[in-house]
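Letter by letter, the sequence shown follows residues 106 to 292 in our numbering.
Ideal Cβ positions, reconstructed from N, Cα and C, are used throughout, including at glycine.
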Amino acid sequence: IRDVAVTGVQTCALPISRGAWLVAAEILAALPLDGVEHLHLLACDTHAESPAPGDHLAGLMATLLLRGARSVGATLWTVNEVPAICVAWWFARQMLRGRRDKAAAFRGALLRLRDATCVEVGEALAEILRAVADRPDADRVAIADLREAVQKIDDLSAFERVTRPFARTDAWAAFVFHGAPRCYAPS
106 IRDVAVTGVQ TCALPISRGA WLVAAEILAA LPLDGVEHLH LLACDTHAES
156 PAPGDHLAGL MATLLLRGAR SVGATLWTVN EVPAICVAWW FARQMLRGRR
206 DKAAAFRGAL LRLRDATCVE VGEALAEILR AVADRPDADR VAIADLREAV
256 QKIDDLSAFE RVTRPFARTD AWAAFVFHGA PRCYAPS
C-alpha cells in the first residue's frame, strides 16, 4: 500500500513533494508502480479542477492503473483533510491486518468515517500521530496539523464530542475506489 499526499496547483517534478499537483504525463514518464497493490491519493483535493489534457479524474485513475497500481483510492471532489486521513488510515489498518478484499476494506473505512464521533476521529488522529511522529521522514508540517486537529477535538464540549461530524453524504461520498477489488494471490 502506498499513500501519496499531493495537493495544490503547481506542476510537480518527481519525486512527489508536498503541495504539488500530480499530472498524468509525469506519472507515465517517471512513476513506476509495478507491484503496488493499492495506491491511495491522500489529499483533500485529488480531482482536477483545471486539468491538463488527460488529467481529469478518469484519466488520472487510468494512468495510475496503467503504470501498474492494481487499485487506487481517490476523491471525486474537494474534501476535508481529516476525513481523507481517517479513510486512508482505517483502510490501511484493515489491509495490514491481512484483509484480502480491498473493496470491502475501503467500504468499511467509509462506513466507519460516516458513523464516527468526534472522539473516535480524535482517537484515530492520535493513533496516527503515535505511529508517525518519530519517523525521520515524517512531514513536520503535517505532524503539526495533526496535533492541532487532535487538540481541537480535545477542546470540544461533551455534546460536540459525541456528534458525528462526517455523517452528511457530502463528507464521505467523494471517496472512490478504482481497480482490482481483491489482493493479488499468486498461484
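Straight across, the Cα-Cα distance linking A197 with Y289 is about 16 Å. DSSP places V187 in no beta strand (DSSP E) but in the uninterrupted alpha helix (DSSP H) bounded by E186 to L201. In the three-state reduction of the DSSP assignment, R219 falls in the helix class, which pools H, G and I. Shown here for D206: same chain residues with a beta carbon closer than 7 Å to its own, the five before and five after excluded, namely P286 and R287 in chain order.
By the beta-carbon neighbour count (other beta carbons within 10 angstroms, threshold 16), W194 is buried.
L169 is the residue among H145, V226 and L169 whose C-alpha sits nearest the C-alpha of P137. Judged by DSSP in its simplified three-state form, L261 adopts coil rather than helix or strand.
The C-alpha of A254 lies about 24 Å from the C-alpha of R212.
Secondary structure at T180: strand, using DSSP grouped into helix, strand and coil.
Here W277 is near R219, since their CB atoms are less than 9 Å apart. Under DSSP, D206 shares a beta bridge with R287. Annotated three-state conformation of V141 is coil, per DSSP. It is roughly 11 Å from the alpha-carbon of E228 to the alpha-carbon of R235. Of E142, S262, A238 and I248, the smallest CA-CA separation from V187 is found for I248. Between L181 and F264, the gap from beta carbon to beta carbon reaches 9 Å or more. Taking the Cα of T268 as reference, the smallest distance to any Cα among L144, F282 and A221 is reached at A221. DSSP, reduced to helix, strand and coil, places V237 within a helical segment of the structure shown.
By the 16-neighbour rule on beta-carbons within 10 angstroms, L201 is exposed.
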